[in-house]
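Novice: Would you mind keeping the following structure in view while I ask a few things?
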Amino acid sequence: MTELTFVAGGSKGLGVELVNQFTEQGHQVLEFSRSGQGQQHIACDFADPNSCQATFAHTFAQHRADDGIHLLINTATLAPFGPLSQADPAVITQHLAINVTSTLLLIRAFLAAYQDTDCAKTIAYISSGAARRAIPGLAVYSASKAFFERYIDTLATEQQDQTHPVRCLVINPGVMNTDMQAEIRAQDKTDFPMVDMWQEFHATGQLAAPQDIAAVCLRLLQGEGENGGYYTAQEWL
52 MTELTFVAGG SKGLGVELVN QFTEQGHQVL EFSRSGQGQQ HIACDFADPN
102 SCQATFAHTF AQHRADDGIH LLINTATLAP FGPLSQADPA VITQHLAINV
152 TSTLLLIRAF LAAYQDTDCA KTIAYISSGA ARRAIPGLAV YSASKAFFER
202 YIDTLATEQQ DQTHPVRCLV INPGVMNTDM QAEIRAQDKT DFPMVDMWQE
252 FHATGQLAAP QDIAAVCLRL LQGEGENGGY YTAQEWL
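Count the sequence shown with the numbering used here and you get residues 52 to 288, in order.
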């Protein structure tokens with residue numbers, strides 16, 4: 052039988068590499084995103100939680116597997132940058148919809164569909180070092196990442212009492228050479244005082260390749276990652 056893997060945010064950067072590498076390992080892979088393409092793509096705009104909720108429920112109801120069912124959560128937006136007092140309320144609302152509300156609904160739908168399925172199951176949340184440190188100008192993003200680190204940690208504890216538990220992991224990729232990193236480097240120092248550090252990461256070749264980080268994620272999901280574990284992927288390279 053084939054393992055079933057869902058990737059949220061699989062149309063760019065690390066997400067594309069996750070889709071490709073899990074497919075190469077023989078998984079049936081489906082990816083949720085707004086801009087993806089191809090047969091594996093499921094159109095889903097995380098900025099619209101109500102629409103997402105229906106999409107998640109329908110998709111999970113249509114797909115089953117006996118050998119393993121996995122969910123990798125890679126959806127995220129960075130904006131707003133700068134002081135919260137100067138942020139556009141619409142951008143704040145969109146950020147919370149993408150990074151928090153729709154992601155919570157995704158996890159809820161996955162658990163509702165597969166909690167009682169008797170096979171190996173994994174939820175892996177792709178976090179960020181920003182969740183564990185103060186980065187001026189990136190407070191909302193940092194907070195949303197920290198929110199899910201604590202949620203996944205708590206979920207991992209709750210799953211210990213389940214008859215058919217879901218293994219829950221947090222994976223911090225480290226700094227990668229992606230469009231998101233380019234967006235950070237393009238910020239004005241007024242909004243993002245630490246921009247020089249990110250520009251130096253790029254200039255000195257300290258950004259990991261997404262395909263290398265995806266390979267670490269694959270290793271963790273294939274058995275090396277433990278329930279409740281926190282992993283910095285760049286340290287595994």
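Idealized CB from N, CA, C, for every residue including glycine.
Remember, it's a predicted structure, so these values are computed and weren't measured experimentally.
1) Could you check the C-alpha separation between arginine 201 and phenylalanine 252 for me, to the nearest Å?
2) Quick one: what does DSSP say lysine 63 is sitting in, helix, strand or coil?
3) Could you name each continuous beta strand (DSSP E) segment of 3 residues or more that falls completely within the segment 135 to 187, going from the start of the chain to the end?
4) Taking glycine 180 as the reference, which of Ala237, Phe132, Thr205, Lys196 has the closest Cα?
5) Quick one: give me the first and last residue of the alpha helix (DSSP H) that histidine 109 is part of.
6) Smallest Cα separation from phenylalanine 73: which of Ser86, Ser84, Gln91, Arg85?
7) Taking the DSSP output, what are the residues bridged to methionine 227?
8) Leucine 206 and tyrosine 280 - do their beta-carbons sit closer together than 8 Å?
9) Tell me whether arginine 218 sits in a helix, a strand or coil according to DSSP, three-state version.
10) Please classify proline 261 as buried or exposed, where buried requires at least 16 neighbouring CB atoms within 10 angstroms.
11) Does the count of Cβ pairs from the segment 263 to 275 and the segment 206 to 215 closer than 8 Å reach three?
12) Out of Trp287, Gln213, Ile186, which has the shortest C-alpha to C-alpha gap to phenylalanine 132?
Specialist: Considering the structure as presented:
1) Position 150 of the sequence shown, counted from the start, is the residue given in the question as residue 201. Position 201 of the sequence shown, counted from the start, is the residue given in the question as residue 252. Approximately 28 Å, taken between the alpha carbons.
2) Start at 1 with the first residue of the sequence shown, and residue 63 comes out as number 12. Coil.
3) 172 to 177
4) The residue you call residue 180 lines up with position 129 of the sequence shown. Sorting Ala237, Phe132, Thr205, Lys196 by C-alpha distance to the C-alpha of glycine 180 places Lys196 at the top.
5) Working through the sequence shown from its first residue, we reach residue 109 at position 58. Note, histidine 109: alpha helix (DSSP H), 100 to 113.
6) For the purposes of this step, residue 73 is taken as the residue at position 22 of the sequence shown. Comparing Cα positions, the closest option is Gln91.
7) What you label residue 227 is simply residue 176 of the sequence shown in a count that begins at 1. Bridge partners of methionine 227: Ala259.
8) For the purposes of this step, residue 280 is taken as residue 229 along the sequence shown, with counting starting at 1. For the purposes of this step, residue 206 is taken as residue 155 along the sequence shown, with counting starting at 1. Contrary to the premise, residue 280 reads as glycine rather than tyrosine in this sequence. Going by C-beta atoms, glycine 280 is not nearer than 8 Å to leucine 206.
9) For this step, residue 218 is matched to residue 167 along the sequence shown. Strand at arginine 218.
10) As a working mapping, residue 261 is identified with position 210 in the sequence shown. With 16 or more Cβ atoms within 10 Å of its Cβ, proline 261 is classed as buried.
11) no
12) As a working mapping, residue 132 is identified with position 81 in the sequence shown. Answer by Cα proximity: Ile186.
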